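Student: This is the structure I want to talk about, given as structure tokens.
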Amino acid sequence: MIFKELLKDAFNLIHELSDASEVSNEEKHQALTDLVADAIETADNVDEFLPLGFRAIVKAGLDNTTVDDYQRRFLAQPIAEAFYQLWKLKQGLLA
Numbered sequence: 000m001i002f003k004e005l006l007k008d009a010f011n012l013i014h015e016l017s018d019a020s021e022v023s024n025e026e027k028h029q030a031l032t033d034l035v036a037d038a039i040e041t042a043d044n045v046d047e048f049l050p051l052g053f054r055a056i057v058k059a060g061l062d063n064t065t066v067d068d069y070q071r072r073f074l075a076q077p078i079a080e081a082f083y084q085l086w087k088l089k090q091g092l093l094a
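The numbering of the sequence shown is numbering that gives the first Met the number 0, which starts it at 0 and goes up by one.
Shown next, in the form of structure tokens:
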């Protein structure tokens with residue numbers, strides 16, 4: 000369910016940004032990556048559902064800048080690019 004909502008939000012953002020000629024392609028990619036990164040960061044809150052003993056371990060492993068940087072680089076950016084390619088395919092912009 001969350002994936003469907005994220006995809007819908009991503010398509011809406013891409014559609015909105017596709018007509019914004021004053022915004023650079025890099026800024027558009029950044030905005031889409033931010034959207035995906037926020038969804039991934041929300042998933043990091045899984046520790047809230049764990050017993051207290053495990054909560055601190057999981058929080059230490061997931062809630063730090065190194066992991067956040069890796070999540071952005073290796074998850075959010077590729078997912079954002081995939082959403083953009085799906086949107087282009089849906090619009091008939093890919094041959």
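Here a beta-carbon is modelled for each residue, glycine too, at the ideal position from N, C-alpha and C. Keep in mind that this is a model prediction, so the values were computed, not measured.
#1: Which first and last residues belong to the alpha helix (DSSP H) in which Arg-72 is found?
#2: Looking at the secondary structure, which residues open and close the alpha helix (DSSP H) in which Asn-11 lies?
#3: With three or more C-beta pairs closer than 8 Å as the rule, is the region 57–76 touching the region 25–45?
#4: Take the Cβ of Ala-9 as the centre, count every other Cβ of all protein chains shown within 10 Å, and call the residue buried at 16 or more, exposed below.
#5: Quick one: what's got a C-beta closer than 6 Å to Arg-71's C-beta in the same chain, skipping five residues either side?
#6: For Glu-26, does the three-state DSSP call read helix, strand or coil?
#7: Which residues in the same chain as Leu-34 place their Cβ atom closer than 8 Å to its Cβ, once the five residues preceding and following it in sequence are excluded?
Tutor: For this structure:
#1: No alpha helix (DSSP H) holds Arg-72; DSSP gives it neither H nor E.
#2: 1–17
#3: yes
#4: buried
#5: Ala-36
#6: In the structure shown, Glu-26 sits in a helix (DSSP, three-state: H, G or I).
#7: Excluding positions up to five away in sequence, the list reads Leu-5, Asp-8, Ala-9, Leu-12 and Ala-79.
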